[in-house]
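Enquirer: Residue numbering for the sequence shown follows this note's numbering, starting at 457 and increasing by one per position.
For every residue, glycine included, the Cβ atom is placed at its ideal position computed from N, Cα and C.
The structure displayed is predicted, hence computed values, not measured ones.
Dropping a structure here in structure tokens format, bear with me for questions.
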Amino acid sequence: MVKPADPGGNWKHNATDEYQTCPNCALPHKMDDTVCSFCGSKLLRRVTLAEKIRRAAERLKWRYKLKTRRKNPTKLAKEVSSKFMMVALGVLLSSVGAWFFLRAGDTGAMSDYLLGALFLIYGVYAVYNTVKPS
């Protein structure tokens, strides 16, 4: 059985007296046609209220499916792994910065303080931007 096509296109569903749509695939046909040229199902001459409601529900369902975001599993895995790597890099940079601060406390060298501050700032920045809510 052919699945219904997206009825939310540029043409209006059963809007004119010149065209009718297939109940299966939503392909537009002339009013004189009796069989769908795409899926082979019979075309209704007069569309009942129940058929109009069913088609409107299908149209809404298709529009909802098109608007919802779907994540590809490989894309999701890449996103999670990249976030994990950024957090790991941020923790590593922060720990290197803390080590430089501890070393500067023992030796009193200004360059160790500057390097420690630089690594700590980059590490905290990397972790913060990765885990903050969007």
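Following the continuous alpha helix (DSSP H) through Pro479, name the residue where it begins and the one where it ends.
Expert: Unbroken run through Pro479: none, as it is neither H nor E.
Enquirer: Can you give, in chain order, each stretch of the alpha helix (DSSP H) that sits fully within the segment 508 to 581 and has at least 4 residues?
Expert: 529 to 563
Enquirer: With a CB to CB cut of under 8 Å and the five nearest residues on each side skipped, what residues in its chain are close to Glu507?
Expert: Pro479, Leu500
Enquirer: Taking its Cβ as the centre, do 16 or more other Cβ atoms sit within 10 Å of Gly564, making it buried, or is it exposed?
Expert: exposed
Enquirer: What whole-angstrom Cβ distance do Gly579 and Ser537 have, given they're in contact under 8 Å?
Expert: That belief does not hold up - the Cβ atoms of Gly579 and Ser537 are roughly 19 Å apart, past 8 Å.
Enquirer: What's the C-alpha gap between Met566 and Asn528?
Expert: 49 Å
Enquirer: Please report the distance separating the alpha-carbon of Lys521 from that of Glu514.
Expert: 11 Å
Enquirer: So, is Ala582 buried or exposed, given that buried needs 16 or more other C-beta atoms within 10 angstroms?
Expert: buried
Enquirer: Looking at Val552 and Phe575, is the spacing between their C-beta atoms short of 8 Å?
Expert: yes
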